[in-house]
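Numbering (our numbering), first residue to last: 113 to 345.
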């Protein structure tokens, strides 16, 4: 089977990827947990993730990042068992991103997959053809891979099967448990530090790349016994 064509905008995205050896954290270093409460077709989420792309380029070695999706559990929904604000295409995009997180070898791979989807604009998020192209560009299998003794799940079978539905339901449940109602909400070390909802809100520690990097670095120091939190100052 020939690989899917690389569309011009996706090819341009590929040129933006930084390829190299990532810095290695100190032994036994505790990483800073970062969670973004998002919706895959939400313009606030795309802006927030764009800012955080710059943050992560400077903090990959000290953070554990994840996405948690805003939605509403709905057993009557025939497709995913979840109602997504921007429609079924958004639910599909949410599932594709969750499946990428589930099957990728590294956080950098799934994050680049999300950035690739976003690069085409929110209206194309959730399109299976785009997701397949982005999987190929970011070293994540789209189809299941078998080496003779074991099978590695690809994004396609995850996203189109029960696994993807279960991941979405679990993510929405987690988001509700955390009290996140707005996309995009930035949580660092379990506390909401900033929200983008039309504009930046409740950002006591700042919202620029430089401010977020500084806060994460300080939090990393605190977690590892070398500093104090903002609340302690």
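Even for Gly, the Cβ is constructed at its ideal location relative to N, Cα and C.
Only residues of its own chain outside the window of five on either side were considered, and among them 295 have a CB closer than 6 Å to the CB of residue 154, listed in chain order.
Residue burial is scored here from C-beta neighbours: residue 183 has at least 16 other C-beta atoms within 10 angstroms and is therefore classed as buried.
Distances from the CA of residue 151 to each of 205, 231, 256, 325 were compared; the closest alpha carbon is that of 205.
Excluding the 5 residues flanking it on each side, residue 270 has same chain C-beta neighbours closer than 7 Å at 211, 214, 215, 276, in chain order. C-alpha of residue 238 to C-alpha of residue 335: approximately 37 Å in a straight line. Put simply, of 174, 254, 162 the residue whose alpha carbon is nearest the alpha carbon of residue 267 is 254.
Counting only the Cα atoms, residue 207 lies some 10 Å from residue 273. The straight-line gap separating the alpha-carbon atoms of residue 219 and residue 190 is approximately 31 Å. Nearest Cα to residue 179 within the set 297, 159, 252: 297.
Excluding its 5 nearest sequence neighbours in each direction, residue 158 has C-beta neighbours in its own chain below 6 Å: 230, 234, listed in chain order. Listed as beta-bridge partners of residue 306 by DSSP are 298. In the three-state scheme derived from DSSP, where H, G and I count as helix and E and B as strand, residue 207 is classed as helix.
Annotated three-state conformation of residue 141 is coil, per DSSP. Around the CB of residue 149, 16 or more other CB atoms lie within 10 Å, so the residue is classed as buried. With a minimum length of 3 residues, the unbroken runs of beta strand (DSSP E) contained wholly in the region 166-226 fall at 175-181.
In chain order, 321, 324, 325, 328 place their CB closer than 8 Å to the CB of residue 167, counting only its own chain and leaving out the 5 sequence neighbours on each side. With respect to residue 332, residue 144 sits close: the two C-beta atoms are nearer than 8 Å.
Note: residue 264 is bridge-paired with 257 in the DSSP secondary-structure output.
Around the beta carbon of residue 299, 16 or more other beta carbons lie within 10 angstroms, which makes this residue buried. Between the beta-carbon of residue 186 and that of residue 195 there is about 4 Å, and that keeps the pair under the 8 Å contact cut.
DSSP links residue 149 through a beta bridge to 180, 297. The continuous alpha helix (DSSP H) containing residue 327 extends over residues 321-335.
Burial check for residue 224: the Cβ neighbour count within 10 Å reaches 16 or more, so the residue is buried.
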